[in-house]
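Sequential numbering from 1 applies to the sequence shown in the UniProt record's numbering.
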Amino acid sequence: MVVSTFEELAPALPNEMADLRRKLTGWLGELPLDPGSTHDITLATYEALANVAAHAYPDGHGWARLEAERTGDTVTVTVTDTGCGIPSTRPRVAGLRTSGGRGLLLIDQVTDQSDIDSGTHGTTVRMTWRPATLRDPGAA
C-alpha cells in the first residue's frame, strides 16, 4: 500500500493560506493524479483555508494546520484551526443575500466525502477523494 503524507502549519493570513495551497499543489504533483482530481482537491482545500483566514480568528491572530495523506487509492486532506468555530445557526446552503456561505457548499460538491467538526475548540474540515487514477485496476 502506498502512503504519502504532507503537513504544514502557518499563520491564518490570506497570503499564508495561498502559500499553503501552492505547497499542497506541489505535493499533489508528485502523485499520479489526473488534472481534474488535482483541481478539485486544491479548490476545496483552499476554500477551507480561506474560511480559516476569514472567520476563525476575529482578533486576527491564529494558525491553520494543513495535513494531507494518500493511503492506497484515497487522498484525505484535513484543515484544522483553534478559532471560534462555525456558528450552529449558519446555514450550509449559499444564501443569495450573503457575501459568503458558498465555501462549505462547494467543498461538499467536489469531495467524495467531507466532515466538519466545529465548536469553541476550533474547526476541523476533513475532505476525502477516491480518484479513479489511484485505483488498482486489478482490484474488484
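C-beta: ideal position from N, C-alpha, C; glycine also.
Query raised in the report: For the beta strand (DSSP E) that contains A64, what are its first and last residues?
Result: By 1-based counting over the sequence shown, the position of residue 64 is 64. 63-71 is the extent of the beta strand (DSSP E) around A64.
Query raised in the report: How would you write the range of the beta strand (DSSP E) that residue 155 sits in, first residue to last?
Result: As shown, the chain starts at 1 and ends at 140. That puts residue 155 outside it, with no answer to give.
Query raised in the report: For V77, which residues from the same chain have a beta carbon less than 6 Å from its beta carbon, with the 5 sequence-adjacent residues on both sides left out?
Result: Counting from 1 along the sequence shown, the entry for residue 77 is found at position 77. Cβ neighbours of V77 beyond the five flanking positions: T45, A68, M127.
Query raised in the report: Just checking, does the region 33-41 make contact with the region 80-89 on the three C-beta pairs under 8 Å criterion?
Result: no
Requested in this report: Starting from the C-beta of S37, find all residues in its chain whose C-beta is less than 7 Å away, skip the five residues before and the five after it, and write them out in chain order.
Outcome: Position 37 of the sequence shown, counting from 1, holds the residue named residue 37. W129, P131, T133.
Requested in this report: In the DSSP assignment, find the unbroken alpha helix (DSSP H) run with G26 in it and report its ends.
Outcome: Walking along the sequence shown from the start, residue 26 turns up at place 26. Start and end: 14-28.
Query - Bounding residues of the alpha helix (DSSP H) (the contiguous stretch that carries A132) - result: Residue 132 sits at position 132 when you count from the first residue of the sequence shown. Taken as a continuous stretch (DSSP letters only), A132 belongs to no alpha helix (DSSP H), as it is neither H nor E.
Query raised in the report: DSSP three-state call for P32: helix, strand or coil?
Result: Stepping through the sequence shown from its first residue, residue 32 is reached at position 32. DSSP places P32 in coil when its eight states are reduced to three.
Query raised in the report: Counting Cβ pairs closer than 8 Å, one from the region 5-22 and one from the region 48-64, do we hit at least three?
Result: yes
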